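J.:
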Amino acid sequence: MDQTQPDLLAPLGDLAVFAGRWAGSGTGHYPTIDDFAYDEVIEFEPSGKPFLFYRSRTRKAGGGAPMHTETGYLRSADGVVELLVTQPTGFVEIQRGAPVGGVLDFTQHTLGASPNAKPVHEIRRRWELSGDGRTLTYDMWMAFDDVPMTHHLRAELHRAD
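Under this note's numbering, the residues of the sequence shown are numbered 73 to 233, in order.
1) For Leu-81 versus Pro-122, is the C-beta distance shorter than 7 angstroms?
2) May I ask which residues mark the beginning and end of the beta strand (DSSP E) holding Leu-225?
3) What residues are listed by DSSP as bridge partners for Leu-208?
4) Let me check understanding here. Comparing Cα to Cα, which of Gly-136, Val-175, Lys-132, Ala-133 lies closest to Asp-86?
5) How many whole angstroms separate the CB atoms of Thr-99 and Arg-226, which I take to be in contact at a CB cut-off of 8 angstroms?
6) What beta strand (DSSP E) runs, 3 residues minimum, are completely inside the stretch 116–186?
7) What are the start and end residues of the beta strand (DSSP E) that includes Gly-100?
8) Please determine, among Val-157, Ile-166, Leu-84, Gly-96, the residue with the shortest C-alpha to C-alpha distance to Thr-179.
Structure representation (structure tokens):
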């Protein structure tokens, strides 16, 4: 993120530390699929308002084919951080959490699905900033079909701007 535009960060408060471009890699596993590795870029773009535009894009490890993308917003609302996500697989989710020491431990508030989306019943996310705000680690859990809530993804990304 261009640090010469601090006016874009001012309305963000505690969310300003997320602003910018993050790149790294992760691994995924789930009882119904083979384990896999991926590369990821996450962008949190400020707008001068109290939210960040969020976009995540993954590729097979080593710069391979595109895998997944999702977009949305990260915003503060009444002292709670909300992550609003739209997935092209037919899901819309709202996650909420209170920031505690660089950790956003979200809980699902809403999960909406289109009529032909896969049977995902629940999603949970956790983001953690470390290394003086230069490393973003996240975990994601999912309940899919008949499988109860199970850890699915873990990635470590580094500030790339």
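Think of the CB as a built atom: it goes at the ideal place given N, C-alpha and C, for glycine as much as any other residue.
Keep in mind the model is a prediction, meaning the values are calculated, not measured.
T.: So, from the listed chains and residues:
1) no
2) 219–231
3) Leu-201, Leu-229
4) Val-175
5) Right, the Cβ-Cβ distance comes to about 6 angstroms (below 8 angstroms), so this counts as a contact.
6) Runs found: 123–132, 138–149, 152–159, 163–169, 175–177, 179–185.
7) 92–102
8) Ile-166
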